Amino acid sequence: MPVRASNGMKKSILIWVGVFAGTFLALFLLIKYQGGTVADSGKVYPEVSIISSTDQTKGKVDSKVVLVEYGDFQCPACAAFQPLVDEIMKTYGDRIQLVFRDFPLPQHQFGVPAALYAEAAGKQGKYWEMYDKIYAGQTKWASLKDADPIFQSYAQDLKLDMVMLKKDMDSDSIKTGIEDDRLSGVKFYVNSTPTFFLNGKKLVFKSLNYEEFKSYIDTALGG
């Protein structure tokens with residue numbers, strides 16, 4: 002004999018359906034707006050790959066394959082992609098060039114301060130070292146009321162001149178450089194982080210997957 006669900010059971014089922022639907026929607030929005038996907042993938046913006054004197058770069062100078070990332074140091078998705086980018090550069094660093102441009106999102110209170118620390122560290126030849134530390138420690142400082150002490154500790158670990166660091170962070174040149182990065186991203190329709198361009202072509206990722214990332218690089222290299 003079939004058992005009919007009571008009103009209480011029906012209500013519980015509806016609640017759980019709502020919970021699962023809400024969770025799925027939250028994950029979808031996270032991936033769409035902060036998870037490294039780009040709605041108009043396939044479009045090509047050749048100007049993206051024009052490297053300026055203020056760009057932070059690593060890898061092969063004047064490479065024909067240029068990977069540009071627009072990122073926000075407080076973005077969880079950017080931190081999740083960072084190890085993949087690092088692995089890509091370990092594999093292809095003698096054949097491609099990586100460019101990182103700041104695109105601090107308005108909802109992240111430490112996006113700009115973190116970028117200021119990284120750019121100022123770059124004035125002392127330690128940009129990528131600070132970049133690594135900031136991303137690696139993101140879960141520790143992102144939820145604090147004041148992340149500055151942690152950023153200062155990173156600078157001290159790197160044996161930076163703290164007086165010079167503070168002076169550079171306060172300089173108009175670094176502040177303008179970060180804003181110029183952001184505006185260049187807006188120009189190329191960047192609206193989420195991380196957004197990657199490979200030789201000017203916007204990339205879209207189906208998942209956080211090294212092999213998928215590698216396939217894009219291999220194709221650009223003609224492999």
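If you want our numbering, it's the 1-based position in the sequence shown plus 1.
We treat Cβ as the ideally placed atom computed from N, Cα and C, and that holds for glycine.
Here the structure is a predicted model, which is why all the values come from computation and not from measurement.
Coil, strand or helix - residue i by DSSP
i      : result
Leu184 : helix
Lys215 : helix
Lys134 : helix
Thr24  : Here Thr24 scores only 36 on pLDDT, less than 50, and its place in the model should not be relied on; the value that follows carries that caveat. Three-state DSSP puts Thr24 in a helix.
Thr196 : strand
Lys203 : strand
Phe189 : coil
Lys167 : helix
Lys141 : helix
Phe152 : helix
Cβ-based burial, residue i [other Cβ within 10 Å; buried from 16]
i      : result
Ile151 : buried
Ala137 : exposed
Tyr128 : buried
Gln108 : exposed
Leu199 : buried
Leu166 : buried
Asp173 : exposed
Met163 : exposed
Val62  : exposed
Leu184 : exposed
Leu117 : buried
C-beta atoms of residue i and residue j nearer than 8 angstroms
i      : j      : result
Leu222 : Val69  : no
Phe104 : Gly72  : yes
Leu161 : Ala119 : no
Asp169 : Lys203 : no
Ser64  : Arg102 : no
Thr58  : Ile52  : yes
Val45  : Gly201 : yes
Ala80  : Gln153 : no
Leu106 : Thr196 : no
Tyr211 : Leu85  : yes
Tyr93  : Met131 : no
Closest by C-alpha distance to residue i, when choosing among the options
i      : options                          : result
Gly178 : Lys44, Gly43, Val49 and Ser54    : Ser54
Asp158 : Phe197, Lys134, Phe101 and Lys59 : Lys134
Gly60  : Met90, Met170 and Asp73          : Met90
Gln213 : Glu48, Phe82, Gly126 and Gly201  : A small correction: the amino acid at residue 213 is Glu; Gln does not occupy that position in the sequence shown. Here the closest residue by C-alpha is Phe82.
Glu48  : Gln75, Thr194, Tyr93 and Lys188  : Lys188
Gln75  : Lys141, Asp87, Ala156 and Ser172 : Lys141
Asp149 : Lys176, Ile175 and Ala115        : Ala115
Asp171 : Val113, Tyr93, Lys215 and Gly94  : Val113
Test: residue i CB closer than 8 angstroms to a CB of chain D
i      : result
Asp181 : Considering every chain present, this structure includes no chain D. It has just one protein chain.
Problem set entry | Any alpha helix (DSSP H) of 4 or more consecutive residues that is wholly inside the segment 28 to 113 | Listed in chain order, the complete alpha helix (DSSP H) runs (minimum 4 residues) inside the segment 28 to 113 are 77 to 93.
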